[in-house]
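> My questions will all concern the structure given below.
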Amino acid sequence: MKRKKRPASQSEAMRLKWKRRIVFEKGYIESCAEWMAERLEALLDHMQYGHAAVAYRKQNGSFQLAKATLIYYEAEFHREYDPTEVEGAVVYWNVDEQRWTTFQVENFMEWRPIV
0 MKRKKRPASQ
10 SEAMRLKWKR
20 RIVFEKGYIE
30 SCAEWMAERL
40 EALLDHMQYG
50 HAAVAYRKQN
60 GSFQLAKATL
70 IYYEAEFHRE
80 YDPTEVEGAV
90 VYWNVDEQRW
100 TTFQVENFME
110 WRPIV
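Numbering that gives the first Met the number 0 numbers the first residue of the sequence shown as 0 and each following residue consecutively.
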């Protein structure tokens with residue numbers, strides 16, 4: 000399956016929106032927020048075709064490490080996944096818990112691909 004690329008301007012606008020949210024919500028410096036937005040974009044691109052280990056903080060402050068994917072998104076919601084629509088919460092399929100769940104953009108920490 001060939002990966003679809005978003006136009007650069009669309010991708011930049013998406014990262015800028017997330018960066019602003021991270022700076023506003025967490026008070027991080029811009030370079031840190033920019034790094035988080037770039038990593039989040041890479042995560043969403045990867046999860047559409049594979050699994051990833053995602054680290055983030057829950058709303059109550061506790062640490063969460065989840066095995067996540069978006070492979071089933073189109074079959075479940077009957078439309079393509081569009082990362083540009085992500086405003087505050089990132090939806091994903093939790094492989095271990097077998098359910099859809101979310102995390103807040105500003106609470107994202109890091110991710111790694113699972114092979």
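Cβ coordinates follow ideal geometry from the N, Cα and C atoms, glycine included.
Can you give me the Cβ contacts of alanine 51 inside the same chain, cut-off strictly under 8 Å, excluding the 5 residues immediately before and after it?
Looking up residue 51 in the sequence shown gives position 52. Excluding positions up to five away in sequence, the list reads Leu42, His45, Lys66, Ala67, Thr68, Trp110, Arg111, Pro112, Ile113.
> Helix, strand or coil, according to DSSP, for lysine 57 in the structure here?
Here residue 57 refers to the residue found at position 58 when the sequence shown is read from its first residue. Of the three classes helix, strand and coil, the one that applies to lysine 57 here is coil, per DSSP.
> Straight-line CA distance for proline 82 to phenylalanine 62?
Here residue 82 refers to the residue found at position 83 when the sequence shown is read from its first residue. Here residue 62 refers to the residue found at position 63 when the sequence shown is read from its first residue. Distance between the alpha carbons of proline 82 and phenylalanine 62: 24 Å.
> What do you reckon, are the CB atoms on arginine 20 and glutamate 105 nearer than 8 Å?
As a position in the sequence shown, residue 20 is number 21, starting the count at 1. As a position in the sequence shown, residue 105 is number 106, starting the count at 1. Cβ atoms of arginine 20 and glutamate 105: closer than 8 Å.
> Pull up the distance between the alpha-carbon of valine 85 and that of aspartate 95, whole angstroms please.
Taking the sequence shown and counting its residues from 1, one reaches residue 85 at position 86. Taking the sequence shown and counting its residues from 1, one reaches residue 95 at position 96. Going by the C-alpha atoms only, they are around 23 Å apart.
> Check whether the Cβ atoms of glutamate 29 and valine 22 lie closer than 8 Å to each other.
On the sequence shown, position 30 is the one that residue 29 refers to. On the sequence shown, position 23 is the one that residue 22 refers to. Cβ distance < 8 Å, so glutamate 29 and valine 22 count as in contact.
> Rounded to whole angstroms, what's the CA-CA distance from arginine 38 to phenylalanine 107? Just pull it up for me.
Taking the sequence shown and counting its residues from 1, one reaches residue 38 at position 39. Taking the sequence shown and counting its residues from 1, one reaches residue 107 at position 108. Distance between the alpha carbons of arginine 38 and phenylalanine 107 is about 9 Å.
> Consult DSSP for tyrosine 91 and reduce its assignment to one of helix, strand or coil.
Position 92 of the sequence shown, counting from 1, holds the residue named residue 91. It is a strand residue.
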